[in-house]
Amino acid sequence: MATIAVMNQSMEWSCYALLGIITALMSFFMDMTVSKLLNAHQRLYECLKGHHLLQFLCWTLYPACLCALSTSICPFSADAAVGRLVVEGSAYLFSDGISSAKTLLNPGGYALAGAVAFSGADTHTLSPALLALEMTGQCSHAVPAVVATLVSNAVAGAKHHPSFYDGISLIKQLPHLLSLICTCPKLANVQIKQFVIPAGVVLERTETLASLQHILNADGQFPVVDSHGSLHHECHG
Numbered sequence: 001m002a003t004i005a006v007m008n009q010s011m012e013w014s015c016y017a018l019l020g021i022i023t024a025l026m027s028f029f030m031d032m033t034v035s036k037l038l039n040a041h042q043r044l045y046e047c048l049k050g051h052h053l054l055q056f057l058c059w060t061l062y063p064a065c066l067c068a069l070s071t072s073i074c075p076f077s078a079d080a081a082v083g084r085l086v087v088e089g090s091a092y093l094f095s096d097g098i099s100s101a102k103t104l105l106n107p108g109g110y111a112l113a114g115a116v117a118f119s120g121a122d123t124h125t126l127s128p129a130l131l132a133l134e135m136t137g138q139c140s141h142a143v144p145a146v147v148a149t150l151v152s153n154a155v156a157g158a159k160h161h162p163s164f165y166d167g168i169s170l171i172k173q174l175p176h177l178l179s180l181i182c183t184c185p186k187l188a189n190v191q192i193k194q195f196v197i198p199a200g201v202v203l204e205r206t207e208t209l210a211s212l213q214h215i216l217n218a219d220g221q222f223p224v225v226d227s228h229g230s231l232h233h234e235c236h237g
């Protein structure tokens, strides 16, 4: 009986791990679909030059359809449905439960685990599991939710796929984030001078009173540096 109980318990944990893998794969394919749609959106807008009405529809209807597929809009609904689907299939196969105490399967627990696992795979963080547990107050699902989230994070980050936040940074071409070095190695070669706007007026510490008056009249905002050489070294170093 002890061996059967251990096997049943390991089977239950395997279901949670499988749920984490499924949600991670969903996150990967949805992000890939959104990326392809964004590229198609840019090409479509370029083809509609001169047609203002069509360009307006392109910038209103197309993003609305795009948001419907984006993982940033429905990170809990789709994956909760997947978790519910997994538990319904498990309940059909194991109608008497899969533990030695004949504990029936709880669809809500699997739906919660699926939701937090998908959100964790999308953001590459563990915070969705903690937030979901705080909102629901179901401490009994703490360990399964965390396990499913850890598995989904491991699968989603295996191929250095950028998270939702990293994807936004890449789209907006933000200059530097430490987490982007692994997902986008080209950022390691980006120099400061490529994105920093050169200072027009610079105030040195050894500036004379007449020069200071001229700088104040020329511009209301200016950097204060030790010397022009130190500023040049910081921008090109």
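Numbered as in the UniProt record's numbering, the sequence shown ends at 237 without a single skipped number.
In this text, a Cβ means the ideal position worked out from N, Cα and C, and glycines have one as well.
Spatial neighbours of residue 142 within its chain, please: C-beta separation below 6 angstroms, excluding the five flanking residues on both sides. Once the five neighbours on either side are set aside, the close Cβ partners of residue 142 are 133.
When 150, 189, 162 and 93 are compared against residue 115, the one with the closest alpha-carbon: Nearest to residue 115 by C-alpha distance, out of 150, 189, 162 and 93, is 150.
Excluding the five sequence neighbours on either side, which residues of its own chain have a C-beta within less than 8 angstroms of the C-beta of residue 212, listed in chain order? The beta carbon of residue 212 sits closer than 8 angstroms to the beta carbons of 203 from its chain, once the five residues preceding and following it are set aside; these are given in chain order.
Taking a contact to mean a Cβ-Cβ separation below 7 angstroms, would you say residue 113 touches residue 152 in this structure? Cβ distance not < 7 angstroms, so residue 113 and residue 152 don't count as in contact.
On the DSSP bridge list, what partners appear for residue 203? According to DSSP, which records beta bridges pairwise, residue 203 is partnered with 224.
Give me the Cβ distance between residue 219 and residue 190, rounded to the nearest whole Å; I'm assuming they're in contact under 8 angstroms. A Cβ-Cβ separation of about 28 angstroms leaves residue 219 out of contact with residue 190 under the 8 angstroms criterion.
Between the C-alpha atoms of residue 144 and residue 157, what's the straight-line distance to the nearest angstrom? Computed Cα separation, rounded: 20 angstroms.
Measuring alpha carbon to alpha carbon, tell me which of 54, 109 and 49 ends up nearest residue 137. Taking only the C-alpha atoms, the option nearest residue 137 is 109.
How far does the alpha helix (DSSP H) with residue 147 in it extend, from its first residue to its last? Element bounds for residue 147: 142-156.
Excluding the five sequence neighbours on either side, which residues of its own chain have a C-beta within less than 6 angstroms of the C-beta of residue 163, listed in chain order? For residue 163, where only same-chain residues beyond five positions count, the Cβ hits under 6 angstroms are 123 and 124.
Give the secondary structure of residue 217 by DSSP, where H, G and I count as helix, E and B as strand, and everything else as coil. Helix.
Would you kindly work out how many angstroms separate the C-alpha atoms of residue 50 and residue 154, rounded to a whole number? For residue 50 and residue 154, the distance between alpha carbons rounds to 47 angstroms.
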